[in-house]
Structures are given as structure tokens and as C-alpha cells.
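A.B. asks:
There are 2 protein chains.
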Amino acid sequence: MDLRKKIRTIPNFPKEGILFYDVMSLFQDAPAFRQAVDDLVEYFMKKDMHFDKVVSTEARGFILGSVLAYEFHAGFVPLRKPGKLPYKKIKQEFKTEYSTDAFEIHEDAIEKGESVLIVDDLCATAGTACAAINLVEMLGGKVNGMAFLVELTFLKGIEKLKGYDTFSLLKFDNENVKEEKT
Amino acid sequence: MDLRKKIRTIPNFPKEGILFYDVMSLFQDAPAFRQAVDDLVEYFMKKDMHFDKVVSTEARGFILGSVLAYEFHAGFVPLRKPGKLPYKKIKQEFKTEYSTDAFEIHEDAIEKGESVLIVDDLCATAGTACAAINLVEMLGGKVNGMAFLVELTFLKGIEKLKGYDTFSLLKFDNENVKEEKT
Chain L
14 MDLRKKIRTI
24 PNFPKEGILF
34 YDVMSLFQDA
44 PAFRQAVDDL
54 VEYFMKKDMH
64 FDKVVSTEAR
74 GFILGSVLAY
84 EFHAGFVPLR
94 KPGKLPYKKI
104 KQEFKTEYST
114 DAFEIHEDAI
124 EKGESVLIVD
134 DLCATAGTAC
144 AAINLVEMLG
154 GKVNGMAFLV
164 ELTFLKGIEK
174 LKGYDTFSLL
184 KFDNENVKEE
194 KT
Chain V
14 MDLRKKIRTI
24 PNFPKEGILF
34 YDVMSLFQDA
44 PAFRQAVDDL
54 VEYFMKKDMH
64 FDKVVSTEAR
74 GFILGSVLAY
84 EFHAGFVPLR
94 KPGKLPYKKI
104 KQEFKTEYST
114 DAFEIHEDAI
124 EKGESVLIVD
134 DLCATAGTAC
144 AAINLVEMLG
154 GKVNGMAFLV
164 ELTFLKGIEK
174 LKGYDTFSLL
184 KFDNENVKEE
194 KT
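First to last, the sequence lines map onto chains L and V.
Heads up, the first sequence is in the working numbering, so the first residue is 14 and it goes up one at a time.
Heads up, the second sequence is in the working numbering, so the first residue is 14 and it goes up one at a time.
1. List the whole-angstrom C-beta distance separating L:LEU183 from L:VAL163, where the pair is believed to meet the contact cut-off of C-beta under 8 Å.
2. Helix, strand or coil for V:LYS97? Go by DSSP, reduced to three states.
3. So, is the C-beta of L:ILE131 closer than 7 Å to a C-beta in chain V?
4. Beta-carbon of L:ILE76 versus every beta-carbon of chain V: anything under 7 Å?
5. Quick one: which unbroken alpha helix (DSSP H) runs of 4-plus residues sit fully inside the region 41-79 of chain L? Chain order, please.
6. Compare the Cα-Cα distances from V:LEU174 to each of V:ASP186, V:ALA144, V:ILE31, V:ARG21 and report the closest residue.
7. Measure the beta-carbon distance from L:TYR83 to V:VAL80 and round it to whole angstroms, keeping in mind my assumption that it falls under 8 Å.
8. Where V:ILE31 and L:LYS94 are concerned, what is the direct C-alpha to C-alpha distance, given to the nearest angstrom?
9. Any C-beta of chain L within less than 8 Å: which residues of the region 50-66 of chain V qualify?
10. Classify V:ARG73: buried if its beta carbon has 16 or more other beta carbons within 10 angstroms, exposed otherwise.
11. Comparing alpha-carbon positions, which option in L:GLN48, L:ASP52, L:PRO99 lies nearest V:PHE26?
12. Where does V:GLU55 land, buried or exposed, given buried means 16+ other C-beta within 10 angstroms?
13. What residues in its chain sit with their C-beta under 6 Å from that of L:LEU148, if we drop five residues either side in the sequence?
14. Are the C-beta of L:TYR34 and some C-beta of chain V separated by less than 7 Å?
15. Can you give the Cα-Cα distance for L:ASP178 and V:LEU92, rounded to whole angstroms?
16. Would you mind working out which of L:MET37, L:PHE75, L:ARG21 sits nearest L:ALA160, comparing C-alpha positions?
17. Output the boundary residues of the beta strand (DSSP E) element that contains V:GLU117.
18. Please list the partners that V:SER79 has in chain L, where partner means a Cβ-to-Cβ separation under 8 Å.
19. Between the Cα of V:ALA139 and those of V:ALA122, V:LYS169, V:ASP51, spot the shortest distance and give me the residue it belongs to.
20. Given a threshold of 16 other Cβ atoms within 10 Å of its Cβ, counted over all protein chains shown, does L:THR141 qualify as buried or as exposed?
21. Let me know the secondary structure DSSP gives V:VAL132 once reduced to three states.
22. How is the beta strand (DSSP E) around V:GLU164 delimited, first residue to last?
23. Short of 8 Å Cβ to Cβ, which residues in the region 97-114 of chain V face chain L?
24. Write down the C-beta distance between L:GLU172 and L:LEU152 rounded to the nearest angstrom, noting that I regard them as a contact closer than 8 Å.
25. In the DSSP assignment, the beta strand (DSSP E) including V:ILE171 goes from what residue to what residue?
26. Who are the neighbours of L:ALA72 on chain V, taking C-beta pairs under 7 Å?
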């Protein structure tokens, strides 16, 4: 199955001139969703890697992140927009194409020395990925892997993640595409 | 393992006088997360039920919903707050304890006659669950099951879901608890 064809493109969303790559059209397709998960898991399984926690950002990141947490017998840790988490937490700001935003993580979500896999649906400028790394490392976790369903290669976000073991399942090179985190 | 003990309670969140039941403390605990998923899956597997789609609401609902979609070899369909979905969609308003809100679903996310499982982390007044049912049925889907990690029994939301096959893994009866959808 060509998973690339399961990603629908939407012109002028969320803003005029932006071509949006819609991962929901893949998620709602049962065989495609299953294959995407299995391919992401396989990359790290083949390396015999172990993770204590899988960390993902609100909200689409949760969809793949929680399945990978289950498959790796890891705990799942959501990074949320400010004000959503109820317990003691720390915050990291980041920039998107449009604005400055922030994510929070519960202080007890990761213990010192734990092995962490960061999962997201999309890697564009990698602003959210860098914020996720910072939050994990501030808590003493070790980011041993990063998995993305889609990478927008022309935005070169992946270059900011040098030194980390990153895997992007589907790569798109289209200069009309910009990052949008909803 | 007593999964109830993995749910942390937070007084006065998100408002004074509210006792918040925090499912994130369970999700971040690997064995507890795994057992919760397995117990929810087992209830429907034992009945030999099949689902084409699993539907969950933004954002915490995605965490269990996507794992159950994977386990049932189903597609995953997110219900999102207005303005987040990029493609053709329909909308359903609902009431929470605090305000009126709405969810949207992509028009092509469910096909006529498909078997649907609705999954959420929490059932309180069931306002979001009823909105989810309406959206699925407007698209011609058949809601054959509803799974909740936590049910706040004293709010009696489950009574609004009569006629549907509902399963709540953990039931809490505490009159200080109110629904909060974040």
C-alpha cells in the first residue's frame, strides 16, 4: 500500500496560500492506519530499542503516540497547551510559522534516566519537536528516538534534531506547505 | 492491579470546589495503561464485536481511542473543536457543566452502515458522548459500542446513553466531581 496516497491535501488551509497535508484521511483508513503504526514500530524494534515513555504533543500527536506507547509497553505522556494539565508542571515556549505558543508537562511524568520516544504526526520546522525534547531533558529523561508520520523535507526541521535518532515514515517536498499545529 | 488507585485526584481544578480525576497519572504508568486498554478491548472482544471505526473527542479521548482502533483493526476518527478540521465537515453543539461548545467531524470519516465504537476517557454528564452519537448517526454510522475509562456515576450521564452498549471500566461516586473536557 502506498501510504503517501492516503494523505489528502487541502489548499489554502489554515491560511491562504498554504497546502495542508491531512493525516486524518490516513487515520480513518483502517489498513493504512495499521500499516503506518507497524512501520513506525518496526524501525525501532529492529534496533532492539526499549522505551519507558512515549511523549506526544496535543492534539493530533496523541493519535499515533498512544498506540506506539502501547506497542512498546511504555507509559504515555501528553504535552499540553498551557492551563490544561491539572498537576505540578513545567513549561516550554516554542515558535510556529504563525506565532509563539507553549507546551506543559507534568513534573512526575518522566523519571531521571528513563528512555523516551517522542512521536508526532508531522515534522515541519520542528519547533514543537524541539520543545518536546527540552521538556523531556529538563525532567532528566533521555530522548532515544523520534518518530514522525510525515516530514516536510524542504522546511529542513529535521536538521535541528541532529544527534537524535529520528525516523520519518513519509517525506514530502513541496514548497507550498507550512507547519500548522492544531 | 487496582487501576482506580492509578487515577490521581486534584482538588479545585479546573475551578474552586471541583475535584478533578486525572487520567494522565494512569496513562503514564506503563502496566496500568496496558491493562486499561486490554480490559476495555476484552469487554467487546468477548462479545465477538467488530468495528469499522473508532470515534473519540479532542483531546484526551484520542489517547485510548486510537489504541482501541488499532486493536480492533478499525480506522480512527477524531472529533474536533470548530475550525480544526481542514476538509468538508458537519457540526454538533453540546453543553458542558460550564458552557456550550461544539464538535466537528469530517463528512467522509464514516460511511453509511459502518459499525462504530465511541471511546472517551471520562463519562460525566455525557454531553460530549451524546454529541458524538449524533455526529456518527448523522453520517449514517451505527454506534454499536461506547467505552469509557472513568464514569462519574453520581452525574448519571450514562442514563442518557440507554439503548447503547456502554462499558465503563472504573466507576467513581463522588459528589464533588464535575465534568471537564479539556
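Virtual Cβ for every residue (Gly too), placed ideally from N, Cα, C.
C.D. replies: Quick answer:
1. 5 Å
2. coil
3. no
4. yes
5. 43-58
6. V:ALA144
7. 5 Å
8. 21 Å
9. VAL50, ASP65, LYS66
10. buried
11. L:PRO99
12. exposed
13. GLN105, ILE118
14. no
15. 32 Å
16. L:PHE75
17. 113-119
18. PHE40, PHE75, ILE76, LEU77, SER79, VAL80
19. V:LYS169
20. buried
21. strand
22. 155-165
23. LYS97, LEU98, PRO99, TYR100
24. Not confirmed; about 25 Å, so no contact.
25. No beta strand (DSSP E) holds V:ILE171; DSSP gives it neither H nor E.
26. GLU71, ALA72, PHE75
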